[in-house]
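**Student:** The structure is given below, and queries will be raised subsequently.
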Amino acid sequence: MDALIRPAIAAALAAVCGCGLLSPGEPPATPSAPVPGWTPPDAPIPAPPPPAGVAPSPPLPGYALVWRDEFDGTAVDPARWVVEARRRRDALNDPASATVQDGLLRITTFTDEAGVHHTGYLETVGLFELTYGYVEARIRFHEVPGTWCAFWLYPETYGQPIGDPGAAGVEIDVVEHRVVDGGGWNVRDLVMSGINWDGFGADWKKAHRTQPPPDGGPVWGAWRTFSVLWTPAGYTFYVDQQPLWSTSAAVSHRSQPIYLTCEVKDRSWAGTIPSGGYGPAAASEDFMEVDWVRAWQPAP
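If you want my numbering, it's the position in the sequence shown, counting the first as 1, plus 866.
Dropping the structure here:
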């Protein structure tokens, strides 16, 4: 990372210690007007991938790479990822939805001839977990309404016990993305990031923000790097190595696996599934692509 980026990250890290609990009800950034029907925008020209064979640079001085997947093979690596195969919400989590080709992981959401929706759900449970560190992924979101995709960390002990997120762990949403919200508002170029803790019932708490990336550019259809710095003092969220915001609320002290997921729910917080579904796998325009995922921790 060049000399201009390192000071920005270091400053954001220092800010974590002085940051207090963000109100769960804090209003998000104002989205654009509701859209009566979904018309996909022209996708920006994708940024070129990093040169092959070049070792990634540490995001912070003294950090070492502890886990990575560059998706250089021809299929999802079973030594790195568990690919879920079960029904979740309004879709079937289907290993066939997660493909690797040309150095990219692609999770495609599609609808089969019987009208069943399929999507992909990958996790590192039982294969890799970390406590604290800098976790990042280079992602291109390309969903349509009714679908949202995410890059996140989640402990198997979430909400157990209630009232002690340090012991129970915290859902860390490095990024969640959708193109419209439940009211039909266009939010495709906003970044959602934050944390949840104490279950999802009466005790549920959260600290989230929804905002444009620091450069004000597009999110849908554009290659972006999303990351979180998780320390004993709190969390700082980034887009393209530029800090978005920080919080010291509900710091997890547990080891947590990584997730790459897309989910489908009709008439919910990501809008309404298109009439007729998403089309067959080969023709679907509903997908998330991932160039790489990397996890770093302070070197011993």
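Just so it is clear, CB atoms sit at the ideal spot from N, CA and C, and this is done for glycine as well.
Taking A839 as part of the alpha helix (DSSP H), name the residues at either end of that continuous run.
**Tutor:** This structure cannot speak to residue 839, because the chain is shown only from 867 to 1166.
**Student:** Only counting the same chain, and skipping five residues up and downstream in sequence, which positions put a Cβ closer than 7 Å to that of P1164?
**Tutor:** In the sequence shown, residue 1164 corresponds to position 298, counting from 1. Within the same chain, P1164 has close Cβ partners G928, Y929.
**Student:** Which same chain residues, not among the five before or five after R934, have their C-beta less than 8 Å away from its C-beta?
**Tutor:** As a first step, residue 934 is located in the sequence shown; it is residue number 68 there, counting from the start. For R934, where only same-chain residues beyond five positions count, the Cβ hits under 8 Å are P922, W1158, V1159, R1160, A1161.
**Student:** Whole angstroms are fine: how far does the CA of R946 sit from the CA of W1086?
**Tutor:** Numbered from 1 along the sequence shown, position 220 holds the residue referred to as residue 1086. Numbered from 1 along the sequence shown, position 80 holds the residue referred to as residue 946. Distance between the alpha carbons of W1086 and R946: 27 Å.
**Student:** Thinking just about the alpha-carbon of each residue, which of V1105, S1141, P1166 is nearest to the one in A1003?
**Tutor:** Here residue 1003 is taken as the residue at index 137 of the sequence shown, counted from 1. Ranking the options by Cα distance to A1003, first place goes to V1105.
**Student:** Taking all protein chains shown into account, decide if T940 is buried (16 or more other Cβ within 10 angstroms of its Cβ) or exposed.
**Tutor:** Residue numbering aside, residue 940 sits at position 74 when the sequence shown is read from its first letter. T940 counts as exposed, since fewer than 16 other C-beta atoms from the protein chains shown sit within 10 angstroms of its C-beta.
**Student:** Going straight from the alpha carbon of A1016 to that of P1166, what length do you get?
**Tutor:** One-based indexing of the sequence shown puts residue 1016 at position 150. One-based indexing of the sequence shown puts residue 1166 at position 300. Put simply, the backbone Cα of A1016 is about 31 Å away from that of P1166.
**Student:** Look up P1109 in the DSSP assignment and say whether it is helix, strand or coil.
**Tutor:** Along the sequence shown, read from residue 1 onward, the residue named residue 1109 stands at position 243. Looking at P1109 - three-state DSSP - the assignment turns out to be strand.
**Student:** Look at the alpha carbon of P944 and the alpha carbon of Q1108, and state the distance between them as a whole number of angstroms.
**Tutor:** Working through the sequence shown from its first residue, we reach residue 944 at position 78. Working through the sequence shown from its first residue, we reach residue 1108 at position 242. Straight-line Cα distance between these residues: approximately 32 Å.
**Student:** Spatial neighbours of L970 within its chain, please: CB distance less than 7 Å, with the 5 preceding and 5 following residues excluded, ordered by chain position.
**Tutor:** Taking the sequence shown and counting its residues from 1, one reaches residue 970 at position 104. Its chain contains F937, E1155, V1156, D1157 as the residues whose beta carbon lies nearer than 7 Å to that of L970, once the 5 sequence neighbours on both sides are disregarded; these appear in chain order.
**Student:** Out of P1140, P1146, D1081, Q1122, point me to the one whose CA is closest to V1001's CA.
**Tutor:** Locating residue 1001 in the sequence shown gives position 135, counting from the first residue. Cα-wise, what sits closest to V1001 is Q1122.
**Student:** Once you ignore the five residues that flank W1063 on each side, which residues in its own chain have a CB closer than 6 Å to its CB?
**Tutor:** For the purposes of this step, residue 1063 is identified with residue 197 of the sequence shown, where counting begins at 1. For W1063, where only same-chain residues beyond five positions count, the Cβ hits under 6 Å are P1031, V1036, K1071, A1116.
**Student:** How far does the beta strand (DSSP E) with W1051 in it extend, from its first residue to its last?
**Tutor:** Reading the sequence shown from its first residue, position 185 is the one you call residue 1051. Unbroken run through W1051: none, as it is neither H nor E.
**Student:** Mind checking A962: buried by the 16 CB within 10 Å criterion, or exposed?
**Tutor:** Position 96 of the sequence shown holds residue 962. Under this definition A962 is an exposed residue.
**Student:** So, is F1153 buried or exposed, given that buried needs 16 or more other C-beta atoms within 10 angstroms?
**Tutor:** Walking along the sequence shown from the start, residue 1153 turns up at place 287. Buried, because 16 or more other Cβ atoms sit within 10 Å of the Cβ of F1153.
**Student:** With a threshold of 16 other CB atoms inside 10 Å of the CB of F1066, please say whether the residue is buried or exposed.
**Tutor:** In the sequence shown, counting from the first residue as 1, residue 1066 sits at position 200. Exposed, because fewer than 16 other Cβ atoms sit within 10 Å of the Cβ of F1066.
**Student:** When the Cα of W1051 is compared with those of W1135, L958, Y1144, which residue comes out closest?
**Tutor:** Stepping through the sequence shown from its first residue, residue 1051 is reached at position 185. It is W1135.
**Student:** Is it right to say A1068 is buried, meaning 16 or more other beta carbons lie within 10 angstroms of its own, or is it exposed?
**Tutor:** As a working note, residue 1068 is residue 202 in the sequence shown. Exposed, by the Cβ-count rule.
**Student:** Could you tell me the alpha carbon to alpha carbon distance between R1133 and G1142, rounded to whole angstroms?
**Tutor:** Indexing the sequence shown from 1 puts residue 1133 at position 267. Indexing the sequence shown from 1 puts residue 1142 at position 276. Answer to the nearest angstrom: the Cα atoms are 15 Å apart.
**Student:** So, for P1080: in the same chain, excluding its five sequence neighbours on each side, which residues have a beta-carbon less than 8 Å away from its beta-carbon?
**Tutor:** One-based indexing of the sequence shown puts residue 1080 at position 214. The residues are V1105, D1106, Q1108, P1109, L1110.
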